[in-house]
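Sequence order for the protein chains is Y and L. The opening residue of the first sequence carries number 1413 in the working numbering; numbering runs sequentially from there. The opening residue of the second sequence carries number 394 in the working numbering; numbering runs sequentially from there. We treat Cβ as the ideally placed atom computed from N, Cα and C, and that holds for glycine. Report on the following structure.
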Amino acid sequence: MIKTSLFLRGASAAFIVSALMWGNVATAQIKVGFMATLSGPAAALGQDMYDGFMLGLEHAGGQFGGVDVEVIREDDQLKPDLAVQTVDRFIERDEVDVVAGVTFSNVMMAIAKPLADSNTIFMGMNAGPAPLAGEQCAPNFFFVSYQNDQQAEGVGKYATDRGYKNVYLMAPNYQAGKDAVGGFKRYYQGDIAGEVYTRVNQPDYSAEIAQLQAANPDAVYVFYPGGMGINFIKQFRQAGLLGEIPLLSVSSFDGSTLPALKETALGAISGSFWGPDFDNPTNQKFVQAFEEKYGRIPSQYAAQAYDGAALLNKAVEQVGDQYQDKAALMAALRQAEFDSVRGEFAFNKNGFPIHDMYVFEVAVDDKNRVSHRTLQKTLPNHQDAYVGQCPL
Amino acid sequence: MTVSLVLGQALNGFQLGILLFLMAAGLTLVFGIMSFVNLAHGSLYMFGAYFAATIATHSGSFVLAIVLTLVLIFLLGLLLDKGGLSILHRRSHLDQVLATFGLILFSNELVRIIWGNAPIYMDAPDYLSGAVNLFGLNYPAYRFAIIVAGLLIAIGLYVLIERTRVGMLIRAGASNRRMVSALGVNIAWLNRFVFALGAGLAGLAGALVGPIVSVESGMGEPVLILTLVVIVIGGIGSIRGAFFGALVVGLVDTMGRVFLPIWLRETFDPAMATAVGPAVASMLVYLLMAIVLAFKPDGLFPIRARG
């Protein structure tokens, strides 16, 4: 008796195990290849994107449209060649349904061609370089973030609205810096008091700040992402200029650098399409849940990625069982009928968003933390400058 | 171009030079006396900044943060030397470069594991956050404090090297380490002290610079490169060379960044000047190094009679 029951138990256990394995194979699943910069000095941005994306997935019940999701997380190390290999692996070996993420524009440009050729759905959650909005736009690309120039254009408009006549421009001497200055100039109508391009990752700005002081401008506009922004504003403040000369910026004093700046950055103005104090219900849910889960104020990078997950969830829900039909899923994504944390959201024909631009001031929030406070909307329903060049 | 702009820039260049001196003093001693190429010197600078930022945040005392950081990084230097780096002294320069380059990568990741990805917060104390008035020029008080502190340390080092027994041994070691060893001096002990002293100075530089720059992983490397330029220009192993080399590099870098584009704009077409100016300005220091190497291959202040 004992022997039989042991045998039976063993057999039934084996049966259950094999049934589970079968079940695993048969279960429908969406594979997402998530790639961002998760190491090195810029790792904070990639980490925020990943955290935001995973929170979005969690809020969708761990599934997109009722289908299980597997996220494969990869670090591109900010190396374009490595990123190309990773994306190839996503497409060829992992056979992912969606590639998502990408923090930096140089990485984005490197993987654009293989991605476009493979026709794999791509969900861009930060980098939005101009060529991909213009001539090299592709039907399988969806940028849930913004086109690189858009935020700068919003700040340019703000400078014009405020009646600044003489603005001093500063950025690092590389493509993104020149784009940020170019975007600003597109909507700024006053004079330029000076235009200075500094070395990339320059730690000391004392020389440039003294020149700036001598030029006596109405306002200063800077693009100094990451540590450069921290260096700049600390030195700008120590020179006694913060509060004296309005400091306008994009991608400089944002959620990724404010924890290191705290009250040092109070009063700085920055342009974006999203702020943590937006009072739409989607955003309130996102911000509250993010703070509870990760213990910090979400940055724009987290917000974009959260939107990416929400959009995927909605699109898969819309197509139902047809989610493996790429054309159907892309059509559903293009409609973008999801609730964005930024409010109104629509895709342009080049796969970049049409959305409102705002400016924010670094200020103390109602929980006595240094954060962004919405000042005003600058460019409503703003589309990027390159959509005309997109042949789609 | 006004007098105050020139004076302000000269002070800025001087201040950068002082910081570079703190870095270069340690590196040049370690290189000159122990013949040890320590690329991880920049990592000690980074640890200095992180230690100081953490101590300042938790204790609220800026002075305590600076002093304690100096001591802690000095001890860290002793520990590193005892814990393995001393093995490298006997190896070839290429091995040393490889091993200490590995240490850079290791340190950058370690810092991210301990303190997180994002840069951390450090600000100047309130009493140094304003500006001081120098001959009608408003200059940030904190930067002025760095200059004063750096000069005091330079004097202290001068006294240590030129006027004490330890300093005499260090100078002797730089000239001919074998002979010093043969005369019965414990060269391993001397090496360890010199290495730790260099580490402490790098840590101090990092701590002082914390309130000015972003305290983040990888902050040591740009400074390390300039420091290497300084010791090449000043002459390897020479403290005096490190001091004057650092001031020259600081001044050329700062003044070049400001006045070269201005000069180019006045001389050439403005559009071209805007494009070329920043590029040439950032090359100036390296051009200077190339010129020095061409005419004085041992640097501007070479130490005499190297064995």
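Confirm, please, whether the CB-CB distance from G1546(Y) to Q1747(Y) is below 8 Å. The count along the first sequence starts at 1 and reaches residue 1747(Y) at position 335. The count along the first sequence starts at 1 and reaches residue 1546(Y) at position 134. Cβ atoms of Q1747(Y) and G1546(Y): not closer than 8 Å.
Between P615(L) and chain Y, is the shortest Cβ-Cβ distance under 8 Å, so that the two count as touching? For the purposes of this step, residue 615(L) is taken as the residue at position 222 of the second sequence. Output row for P615(L): interface = yes.
Backbone CA spacing between G1602(Y) and A664(L) [nearest angstrom]: Here residue 1602(Y) corresponds to residue number 190 of the first sequence, with the count starting at 1. Here residue 664(L) corresponds to residue number 271 of the second sequence, with the count starting at 1. Whole-angstrom Cα-Cα distance: 19 Å.
Taking a Cβ distance cut-off of 8 Å, strictly less, list which residues of the stretch 1763–1787 of chain Y are near chain L, in chain order. For chain L, none of the residues of the stretch 1763–1787 of chain Y brings a beta carbon within less than 8 Å of one of its beta carbons.
Report yes or no: do three or more beta-carbon pairs, one from the stretch 1787–1802 of chain Y and one from the stretch 617–624 of chain L, lie closer than 8 Å? No contact exists between the stretch 1787–1802 of chain Y and the stretch 617–624 of chain L.
Which first and last residues belong to the alpha helix (DSSP H) in which Y1633(Y) is found? Here residue 1633(Y) corresponds to residue number 221 of the first sequence, with the count starting at 1. Premise fails: Y1633(Y) lies in the beta strand (DSSP E), A1631 to V1634, not in any alpha helix (DSSP H).
Between the stretch 1445–1454 of chain Y and the stretch 1731–1738 of chain Y, do at least 3 Cβ pairs fall closer than 8 Å? With a cut-off of 8 Å on Cβ pairs, the stretch 1445–1454 of chain Y is not in contact with the stretch 1731–1738 of chain Y, counting fewer than three such pairs.
Output yes or no for whether 8 Å exceeds the beta carbon distance between V1753(Y) and T1676(Y). Looking up residue 1753(Y) in the first sequence gives position 341. Looking up residue 1676(Y) in the first sequence gives position 264. No, the pair does not count as a contact, with Cβ atoms beyond the cut-off.
Cβ-based contacts, 8 Å cut-off: residues of the stretch 432–447 of chain L near chain Y: So nothing in the stretch comes that close.
Give a yes or no on contact between the stretch 397–408 of chain L and the stretch 639–649 of chain L, applying the rule of three or more CB pairs nearer than 8 Å. The stretch 397–408 of chain L and the stretch 639–649 of chain L touch, with no fewer than 3 CB-CB distances between them shorter than 8 Å.
Do three or more CB pairs link the stretch 1546–1566 of chain Y to the stretch 1603–1621 of chain Y at distances below 8 Å? Flag = no, the stretch 1546–1566 of chain Y and the stretch 1603–1621 of chain Y do not touch.
Give a yes or no on whether the C-beta atoms belonging to L1467(Y) and Y1718(Y) are separated by under 8 Å. Residue mapping note: residue 1467(Y) aligns to position 55 of the first sequence, counting from 1. Residue mapping note: residue 1718(Y) aligns to position 306 of the first sequence, counting from 1. Closer than 8 Å, so yes.
Helix, strand or coil: which one does DSSP assign to S397(L)? Indexing the second sequence from 1 puts residue 397(L) at position 4. Here S397(L) sits in helix by DSSP.
With a cut-off of 8 Å, does the C-beta of A1440(Y) fall near any C-beta of chain L? Locating residue 1440(Y) in the first sequence gives position 28, counting from the first residue. Not a single C-beta of chain L is nearer than 8 Å to the C-beta of A1440(Y).
So does the stretch 550–569 of chain L actually touch the stretch 533–542 of chain L, counting three or more Cβ pairs closer than 8 Å? Result no; under three Cβ-Cβ pairs closer than 8 Å.
I'd like the list of long-range same chain contacts for M682(L), defined as Cβ closer than 8 Å, with 5 residues on each side in sequence excluded. In the second sequence, the residue the question calls residue 682(L) occupies position 289. V622, V625 and I626.
For L496(L), count neighbouring Cβ atoms within 10 angstroms of its own Cβ and tell me buried if that reaches 16, exposed if not. Residue 496(L) sits at position 103 when you count from the first residue of the second sequence. With 16 or more Cβ atoms within 10 Å of its Cβ, L496(L) is classed as buried.
Spatial neighbours of P1526(Y) within its chain, please: CB distance less than 7 Å, with the 5 preceding and 5 following residues excluded, ordered by chain position. Here the question's residue 1526(Y) lines up with position 114 in the first sequence. Closer than 7 Å at the Cβ level, and outside the excluded window around P1526(Y), lie V1496, V1499 and D1500.
Measure from the C-beta of Y535(L) to each C-beta in chain Y and report whether the shortest distance is under 8 Å. Sequence index remark: in the second sequence, residue 535(L) carries index 142 (1-based). Interface with chain Y (8 Å Cβ-Cβ cutoff): Y535(L) is included.
Does the beta carbon of N579(L) come closer than 8 Å to any beta carbon on chain Y? The sequence position of residue 579(L) within the second sequence is 186, counting from 1. Not one chain Y Cβ lies under 8 Å of N579(L).
Return the bridge partner residues of L527(L) from the DSSP annotation. The count along the second sequence starts at 1 and reaches residue 527(L) at position 134. Answer is L530(L), bridged to L527(L).
Whole angstroms is fine: what's the gap from S1663(Y)'s alpha carbon to G1639(Y)'s? Locating residue 1663(Y) in the first sequence gives position 251, where the first residue counts as 1. Locating residue 1639(Y) in the first sequence gives position 227, where the first residue counts as 1. Distance between the alpha carbons of S1663(Y) and G1639(Y): 11 Å.
Proximal residues of chain Y, C-beta to C-beta of S610(L) below 7 Å: Translated into positions along the second sequence, residue 610(L) becomes position 217. Here the neighbours are P1453.
As a quick exercise: from L420(L), L398(L) and S397(L), pick the residue whose alpha carbon is nearest that of G634(L). What you label residue 634(L) is simply residue 241 of the second sequence in a count that begins at 1. Ranked by Cα distance from G634(L), the first of L420(L), L398(L) and S397(L) is L420(L).
Separation of A511(L) from S1668(Y), as counted between CA atoms: Counting from 1 along the first sequence, the entry for residue 1668(Y) is found at position 256. Counting from 1 along the second sequence, the entry for residue 511(L) is found at position 118. So the alpha carbons of these two residues sit roughly 7 Å apart.
Alpha-carbon to alpha-carbon, L1724(Y) and N1552(Y): Position 140 of the first sequence, counting from 1, holds the residue named residue 1552(Y). Position 312 of the first sequence, counting from 1, holds the residue named residue 1724(Y). Pairing N1552(Y) with L1724(Y), the inter-Cα distance amounts to about 13 Å.
What residues in the stretch 1688–1709 of chain Y bring their beta carbon closer than 9 Å to a beta carbon of chain L? The residues in question are R1708.
G1435(Y) versus P1584(Y) - alpha carbon distance: Counting from one through the first sequence, the residue named residue 1435(Y) turns up at place 23. Counting from one through the first sequence, the residue named residue 1584(Y) turns up at place 172. Note that G1435(Y) scores 43 on pLDDT, short of 50, meaning its location in the model is unreliable; the coordinates nonetheless yield the value given after this. P1584(Y) has its alpha-carbon roughly 54 Å from the corresponding atom of G1435(Y).
Between which residues of its own chain and G410(L) is the CB-CB distance below 7 Å, once the five residues before and five after are set aside? Counting from 1 along the second sequence, the entry for residue 410(L) is found at position 17. Excluding its 5 nearest sequence neighbours in each direction, G410(L) has C-beta neighbours in its own chain below 7 Å: A639, L640, V642, G643 and L644, listed in chain order.
Does T647(L) have its Cβ less than 8 Å from a Cβ in chain Y? One-based indexing of the second sequence puts residue 647(L) at position 254. It does; some Cβ of chain Y falls within 8 Å.
Counting only runs that start and end within the stretch 550–582 of chain L, where is the alpha helix (DSSP H) found for 4 or more residues in a row? Taken in chain order, the complete alpha helix (DSSP H) segments of 4 residues or longer contained in the stretch 550–582 of chain L are 558–568 and 570–575.
Drop a sphere of 10 angstroms on the beta-carbon of T462(L), count the other beta-carbons inside from all chains shown, and report buried for 16 or more, exposed for fewer. Taking the second sequence and counting its residues from 1, the one referred to as residue 462(L) is at position 69. Classification of T462(L): buried, given that the 10 Å Cβ count is 16 or more.
Just to confirm the assignment, what range does the beta strand (DSSP E) spanning S1663(Y) have? The count along the first sequence starts at 1 and reaches residue 1663(Y) at position 251. Taken as a continuous stretch (DSSP letters only), S1663(Y) belongs to no beta strand (DSSP E), as it is neither H nor E.
In the DSSP assignment, the beta strand (DSSP E) including Q1584(Y) goes from what residue to what residue? The residue given as residue 1584(Y) occupies position 172 in the first sequence. It should be pointed out that residue 1584(Y) corresponds to Pro in this sequence rather than to Gln. Residues N1578 to P1584.
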